[in-house]
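Quick notes on the structure that follows.
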Amino acid sequence: MEFDLHPTVTLRTGTFAALLAPEDLVLAGLNDNPVLRRFLFLFVSGNYSRLLSGINRRSVTIEVRRAFTAFQLLTILRDSYHTIIFVEHDPGLYEGSGKEALFQVAQALKGAGQNAAVVLYAPSPDPSFSLLADRADRFFSLSPPDWPALPRPRRSGRVRHPAGLPGDQTTLEGI
Amino acid sequence: MWITDTCSRETVEIWDLGRDGTVRHRSVPYTPSFYLRLPDPPAHWELLDALESAYGAEECTFRTVHGTCEGYRVPAGREVALAIERQTGYAAELYNVDLRPDHQYLAAQDLVPCCDDPASRFSPDLPSLPFRTIEVRISGIPFEKDPVCSIEVLHERHEHLRGEEGVVLADLSALVGAIDPDVVLFPRSDLWLPRLLSAAAERGIVLPFSRTGRYRKMTEKSYWSYGRTEYRAGSLIPDGRILIDTAQSFHYRESGLSGILIGARLTGLSPNLAARFTSGTLISAYEVYEALRRGIAIPFRKSDPEAVRRFCDLKSADRGGMMFQPVAGLYGQVSEIDFTSLYPSIIVRYNLSPETLTHPDRQGFLPQVLGPLLLLRRETKARKAADPAYAGIDAILKWMLVTCFGYTGYKNAKFGQIEVHEKITWHAREILLTTKECAEEMGFDVLHGIVDCLWVQGGPAGALKAHIELVTGLHTTLDCYDWIVFLPMPDGYGAYNRYYGRLSTGDLKIRGIMARRGDTPPYVRAMQEAMLSVMKGAGSRAELASCREEVQGLYREAQSGLAAATPSSLAIRRQVSQLTYSRSCPEASAIAACRAAGIRVEPGMEIGYVVTDARTWSVELDWLAKRFDQGYYRRLLARAWEEIAFALEQAAK
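Residue numbers (the numbering used here), protein chains in the order written: chain C, 155 to 329; chain Z, 59 to 711.
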């Protein structure tokens, strides 16, 4: 299974992808996406979702589970049987739960990504997102037109990776 | 004997107060265990072997709210539990890990603080005990570094200790030692006590606030609660005495000493903790204590998420409380029907608990433990009407019951589940809709409704109250107003939460206006309270209209007297939610002023400040302020007057 969340973001089964993008771009990719009707889609959010209210319930057939703690997120990821798992990142989940729990969630995202297309989404980076994204197979960063420009590639033409990304990770720069 | 204080160190420490006033201190050896359940024990056989050989872990059966579990009892502490978590990749289910050993011990031994007989735990009566109570007062600002040269001690006499700091501290030491109080009421003790102890220690004086010389340290913390950042100051808790910071303890302010003693009795915590914890922590402690007493293990981690559900089902389930928006205006002969502790009543009536979501036939844990609390609240509320002495007990029960609903949706609640939270609000919405329909069928006009209250107009509402109670099966109270005003929002529509009116008893009920808000300067509050006091005498719309001149006179008087007001009477007290602000605002200036005065600020702290220039949002700290921005405070007075003038204008129509 493979689908385009955005012209520059193609997600496929067997990968765990981290995505930094403005909410409207993600909502546009989720709403009216015919592919999402054909597969079991699990949307996971924390207590305060930025996306849920913008999702058109007539255009997609999604299932939802909310996690209020990192441990609940672990259970959700381990229980999941869906083809697509979209996790809206909530840094509040990791407050007080320790770095070890964060590491376990990263492992669980990676593990779930072996049988599903797993997306960890955040509108902007934060320390916990960066730590989780470290384990992602792919990292997408889409900037809106009014965001400050991303660091330009060096003259050598190599794409500059955000700090802390492993060397084998593919980072695409969008708009 | 009454247990008046407990704590745990290597042993559980208990202080008992006898009817003759004698105090007994016991140290009880106690090693609590935790429970472990593994989804696949053979996969972790090495871990289990190690736990057995190193700590004596043994196979056992234990109970949770969901039923009986096969697992292991591990007589070890939290560090071992955390290591198990890490080693199993958080697959292990752990129970009874983060409990206070003294709390566990009391529950296991059927011991109840502040109580002669555990059977009378849910009685609203407190026997009169020979408590030796003192009140310590220090005038001055605890943040200032000046020596403490004046302390007042109130007991059977009023003693005023004055002089050089060393003399004052020596006198205080002698006095506390001689009185040997059981309860110390001390405004701002959380700030003063560390200063006094260190100043005394420098002089070789022992201040005997602690009965053993030892203090438990409660660290300060900022936390998020009900949409705002709160701050709890760090404190030193003396062994064996009840020390209450009367200025900072929310429960003391709301409930007094009797409320705190009942809170301790219900939760199994020492009164020192009951005075310092939030209502949410008290209800959580109560549920934990009840669970332990019933032999139910307490989950360590919140790892059971909501079930998978379709998006449209989530949207329809997660809607919160119901409101009917009022039309702004003045209304005569209005009745307010208020469901007593609606949300906990729903939990009990509809048997809502995490385990009953899947097994509705079982009697749920939450309804079982909240039922007695509800009955106690109903009893104290009834007694309070005749005897104000019960007001404090009623208040602490009210706050505990208010928070028990929110706790069902709290991420760390031991016995919470978001679906339970949603079901409660669903029932509440249905109940309010049913109530509205009942009222309309009986010919009443519904003016306003907020979650658990309905305001109706159309005659005596006694029959309506009885009918609603019959239909819903829930207890209600009825308040009748001679008049009530629902204030407008800036767009002209009625505000949900800003209203005031005169009850048929002659008292005023006020919500959301400046006289009620915590951040209103005392000068502005005094003006609005004086106006309301005049309006309180008006029993009808016509009488209300006729008092306009007098009330407006108070406004003119406040405006003309503003220039001579003291800066401290214009202090605004607000909690700061953060320490850095991207825009210019009074809170940002207040934080800067605190830092300049050498005061460390934490999110959630309350700061008192006086605005000295509203154009630049310049402020001075309330205790240092020498001037104020008259224009700014004139505008505040005008805003307070507008809230009153609206009612008077409506009355004149």
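Built from N, CA and C at the ideal position, the CB exists for glycine as well.
- Task: Could you tell me whether the Cβ of Val218/C comes closer than 7 Å to any Cβ of chain Z?
- Result: What you label residue 218/C is simply residue 64 of the first sequence in a count that begins at 1. Interface residue, yes.
- Message: Determine whether the beta carbon atoms of Leu196/C and Ser234/C lie at a separation below 7 Å.
- Response: Working through the first sequence from its first residue, we reach residue 196/C at position 42. Working through the first sequence from its first residue, we reach residue 234/C at position 80. Yes.
- Task: On a CA-only basis, which of Ile238/C, Phe225/C and Arg292/C is nearest Ala150/Z? Give me that one, please.
- Result: Looking up residue 150/Z in the second sequence gives position 92. Selected option, being the one with the closest Cα: Phe225/C.
- For the segment 183-210 of chain C, which residues have a CB atom closer than 8 Å to at least one CB atom of chain Z, in sequence order? Leu196, Phe197, Asn201, Leu206 and Ile209
- Message: As a quick exercise: from Ala623/Z, Met585/Z and Leu400/Z, pick the residue whose alpha carbon is nearest that of Glu608/Z.
- Response: Taking the second sequence and counting its residues from 1, the one referred to as residue 608/Z is at position 550. Answer by Cα proximity: Met585/Z.
- Message: Check for me: the alpha helix (DSSP H) holding Phe283/C runs from which residue to which?
- Response: Against the first sequence, residue 283/C aligns to sequence position 129. First-last of the alpha helix (DSSP H) with Phe283/C: Pro281 to Ala287.
- Message: For the alpha helix (DSSP H) containing Gly265/C, name the first residue and the last one.
- Response: Sequence index remark: in the first sequence, residue 265/C carries index 111 (1-based). Segment Gly252 to Ala266, the alpha helix (DSSP H) holding Gly265/C.
- For Leu140/Z, which of helix, strand or coil comes out of DSSP? As a working mapping, residue 140/Z is identified with position 82 in the second sequence. The answer is helix: DSSP assigns Leu140/Z an H, G or I state.
- Query: Which same chain residues, not among the five before or five after Thr270/Z, have their C-beta less than 7 Å away from its C-beta?
  - Reply: Residue 270/Z sits at position 212 when you count from the first residue of the second sequence. Excluding sequence neighbours, Thr270/Z sits near Asp297 and Gly298.
- How big is the Cα-Cα spacing for Ile404/Z and Glu217/Z? The residue labelled residue 404/Z in the question sits at position 346 within the second sequence. The residue labelled residue 217/Z in the question sits at position 159 within the second sequence. Near 52 Å, if we compare the C-alpha coordinates of Glu217/Z and Ile404/Z.
- Message: Tell me the residue span of the beta strand (DSSP E) that contains His160/C.
- Response: Residue 160/C sits at position 6 when you count from the first residue of the first sequence. Looking at the DSSP string, the run of the beta strand (DSSP E) that includes His160/C is Glu156 to His160.
- Give the secondary structure of Gly311/C by DSSP, where H, G and I count as helix, E and B as strand, and everything else as coil. Translated into the one-based positions of the first sequence, residue 311/C becomes position 157. Note that Gly311/C scores 41 on pLDDT, short of 50, meaning its location in the model is unreliable and no value can be drawn from it.
- At a cut of 8 Å, does the segment 323-334 of chain Z reach the segment 196-206 of chain Z through at least three beta carbon pairs? no
- Message: Cβ closer than 8 Å: which chain C residues qualify as neighbours of Val366/Z?
- Response: By 1-based counting over the second sequence, the position of residue 366/Z is 308. Going along chain C in sequence order, the residues near Val366/Z (Cβ under 8 Å) are Leu196, Glu217, Val218 and Arg219.
- Item | Buried versus exposed, by CB contacts within 10 Å (16 or more), Gly576/Z | Mapped onto the second sequence, residue 576/Z falls at position 518. So Gly576/Z ends up on the exposed side.
- Query: To which residues of the same chain is Asp248/Z closer than 8 Å at the C-beta, ignoring the five residues directly before and after it?
  - Reply: Here residue 248/Z refers to the residue found at position 190 when the second sequence is read from its first residue. Here the set comprises Ala291, Gly292, Ser293, Leu294, Asp303 and Gln306.
- Message: So Tyr275/C and Phe240/C are supposed to be a Cβ contact under 8 Å. How far apart are they, rounded?
- Response: For the purposes of this step, residue 275/C is taken as the residue at position 121 of the first sequence. For the purposes of this step, residue 240/C is taken as the residue at position 86 of the first sequence. Indeed, because the Cβ distance is near 7 Å, the residues count as touching under 8 Å.
- Round the Cβ separation of Glu477/Z and Glu345/Z to the nearest angstrom and send it over; I've been treating them as touching at under 8 Å. As a first step, residue 477/Z is located in the second sequence; it is residue number 419 there, counting from the start. As a first step, residue 345/Z is located in the second sequence; it is residue number 287 there, counting from the start. Wrong, their Cβ atoms sit about 18 Å apart, outside the cutoff.
- Asp190/Z to Val241/Z, Cα distance in whole Å? By one-based count along the second sequence, residue 190/Z stands at place 132. By one-based count along the second sequence, residue 241/Z stands at place 183. Here the sequence assigns Arg to residue 190/Z, which means Asp is not the residue at that position. Near 6 Å, if we compare the C-alpha coordinates of Val241/Z and Arg190/Z.
- Message: I'd like the list of long-range same chain contacts for Cys118/Z, defined as Cβ closer than 7 Å, with 5 residues on each side in sequence excluded.
- Response: Counting from one through the second sequence, the residue named residue 118/Z turns up at place 60. Excluding positions up to five away in sequence, the list reads Gly129, Tyr130 and Arg131.
- Query: On the three-state DSSP scale, how would you describe Tyr113/Z?
  - Reply: As a first step, residue 113/Z must be located in the second sequence, where it is residue number 55. Correct three-state label for Tyr113/Z: helix.
- Message: With a threshold of 6 Å on Cβ separation, who are the neighbours of Val163/C within its own chain once the five nearest residues in sequence on each side are excluded?
- Response: As a first step, residue 163/C must be located in the first sequence, where it is residue number 9. Closer than 6 Å at Cβ, skipping near neighbours: Phe294.
- For the beta strand (DSSP E) that contains Glu707/Z, what are its first and last residues? In the second sequence, residue 707/Z corresponds to position 649, counting from 1. Segment Gln688 to Ala710 is the alpha helix (DSSP H) holding Glu707/Z; no beta strand (DSSP E) there.
- Item | Alpha carbon of Tyr581/Z to alpha carbon of Pro644/Z, nearest angstrom | One-based indexing of the second sequence puts residue 581/Z at position 523. One-based indexing of the second sequence puts residue 644/Z at position 586. So the two alpha carbons sit approximately 19 Å from each other.
- Query: Just how far apart, CA to CA, sit Ile630/Z and Gly662/Z?
  - Reply: What you label residue 630/Z is simply residue 572 of the second sequence in a count that begins at 1. What you label residue 662/Z is simply residue 604 of the second sequence in a count that begins at 1. Using only the alpha carbons, I get a separation of about 15 Å.
- Task: Tell me whether Arg158/Z is buried or exposed, calling it buried when 16 or more other Cβ atoms sit within 10 Å of its Cβ.
- Result: Within the second sequence, numbered from 1, the residue matching residue 158/Z stands at position 100. With 16 or more other Cβ atoms within 10 Å, it is buried.
- Roughly how many angstroms lie between the CA atoms of Tyr558/Z and Gly520/Z, to the nearest whole one? Here residue 558/Z corresponds to residue number 500 of the second sequence, with the count starting at 1. Here residue 520/Z corresponds to residue number 462 of the second sequence, with the count starting at 1. Distance between the alpha carbons of Tyr558/Z and Gly520/Z: 22 Å.
- Query: Between the segment 370-390 of chain Z and chain C, which residues of the former have CB atoms less than 8 Å from a CB of the latter, in chain order?
  - Reply: Cys370, Leu372 and Lys373
- Item | Alpha-carbon to alpha-carbon, Ser361/Z and Gly252/C | By 1-based counting over the first sequence, the position of residue 252/C is 98. By 1-based counting over the second sequence, the position of residue 361/Z is 303. Roughly 15 Å separates the two Cα atoms.
- Ile238/C CB to nearest chain Z CB: under 7 Å? Here residue 238/C refers to the residue found at position 84 when the first sequence is read from its first residue. With 7 Å as the cut-off, Ile238/C does not count as an interface residue toward chain Z.
- Message: For a cutoff of 7 Å on Cβ pairs, would you count Glu242/C as touching chain Z?
- Response: Your numbering for residue 242/C matches position 88 in the first sequence. Chain Z contact via Cβ: absent.
- Identify the contact partners of Ser342/Z in chain C, using a Cβ-Cβ distance below 9 Å as the criterion. Here residue 342/Z corresponds to residue number 284 of the second sequence, with the count starting at 1. The contacting residues do not exist; Ser342/Z stays about 15 Å from chain C at best.
- Message: Is Arg286/Z close to chain C? Criterion is C-beta to C-beta, closer than 7 Å.
- Response: For the purposes of this step, residue 286/Z is identified with residue 228 of the second sequence, where counting begins at 1. Closer than 7 Å: no.
- Task: Excluding the 5 residues preceding and the 5 following Tyr281/Z in the sequence, name in chain order all residues of the same chain whose CB lies nearer than 6 Å to its CB.
- Result: Start at 1 with the first residue of the second sequence, and residue 281/Z comes out as number 223. Excluding residues within five positions, the ones whose Cβ falls inside 6 Å are Glu288.
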